[in-house]
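Going by my numbering, the first residue of the sequence shown is number 2, and it counts up by one from there.
The structure appears right after this line, and notes come after that.
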Amino acid sequence: MDTTQLLKGVLDMAVLAVIVDDDGYGYDIVRRLRAAGLDEVGDASVYGTLRRLYSAGALSSYVVPSDGGPHRKYYAMNANGRAMLAEQRTNWTHFADTLTQLLNQPQPTVHLRTIGEKS
2 MDTTQLLKGV LDMAVLAVIV DDDGYGYDIV RRLRAAGLDE VGDASVYGTL RRLYSAGALS
62 SYVVPSDGGP HRKYYAMNAN GRAMLAEQRT NWTHFADTLT QLLNQPQPTV HLRTIGEKS
């Protein structure tokens, strides 16, 4: 199953979830998502999500100097981000429970007739 479309629908929530307790910079967040099992997540998608969440007021940011390279822009969850994550968590749980119920329903048995067979 191609999970690309699923990932697009939940990337905001996934990004918020990986920085809820520990601020992170772009590539660090990508690594956390991949370590959690979201192997297909793209760098550009995560950076775009971070910019969108920041613009929406869910994240704050700060810059940390780096000895071995360019400064890193860290993102931190603020009160708006925590509220957003709490709402998304509730919505996801309801959605996942509903889908699980649908998938666990017994499926009717379909009997196929062969050509020329009378019913």
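Every residue gets a Cβ at the ideal spot worked out from N, C-alpha and C, and that includes glycine.
Only a predicted model underlies this, so the values are computations on that prediction, with no experimental measurement involved.
I believe residue 76 touches residue 56 by the beta-carbon criterion, under 8 Å. Please report the beta-carbon distance rounded to the nearest angstrom. Your numbering for residue 76 matches position 75 in the sequence shown. Your numbering for residue 56 matches position 55 in the sequence shown. That belief does not hold up - the Cβ atoms of residue 76 and residue 56 are roughly 12 Å apart, past 8 Å.
Nearest to residue 39 (by Cα), restricted to the options 6, 97, 23, 53: Here residue 39 is taken as the residue at index 38 of the sequence shown, counted from 1. Comparing Cα-Cα distances from residue 39 to each of 6, 97, 23, 53, the minimum goes to 6.
Spell out the partners DSSP gives residue 74 in its beta bridges. The residue labelled residue 74 in the question sits at position 73 within the sequence shown. Answer is 64.
Pairwise C-alpha distance: residue 106 and residue 112: Taking the first residue of the sequence shown as 1, we reach residue 112 at position 111. Taking the first residue of the sequence shown as 1, we reach residue 106 at position 105. If you take the alpha carbons of residue 112 and residue 106, they lie about 19 Å apart.
Please classify residue 49: does DSSP put it in a helix, a strand, or coil? Working through the sequence shown from its first residue, we reach residue 49 at position 48. Reduced to three states, the DSSP call for residue 49 is helix.
On the three-state DSSP scale, how would you describe residue 25? The sequence position of residue 25 within the sequence shown is 24, counting from 1. Here residue 25 carries a strand assignment [DSSP, helix/strand/coil].
Limits of the alpha helix (DSSP H) - the one that residue 116 falls within: Numbered from its first residue, the sequence shown carries residue 116 at position 115. Run containing residue 116: none; DSSP gives neither H nor E here.
Among 16, 109, 29, whose alpha-carbon lies nearest the alpha-carbon of residue 89? Your numbering for residue 89 matches position 88 in the sequence shown. In terms of CA proximity to residue 89, 16 leads the group 16, 109, 29.
Below 8 Å, can you find three or more Cβ-Cβ pairs linking the region 95-110 to the region 27-47? Three or more Cβ pairs closer than 8 Å define a contact, and the region 95-110 falls short of that threshold against the region 27-47.
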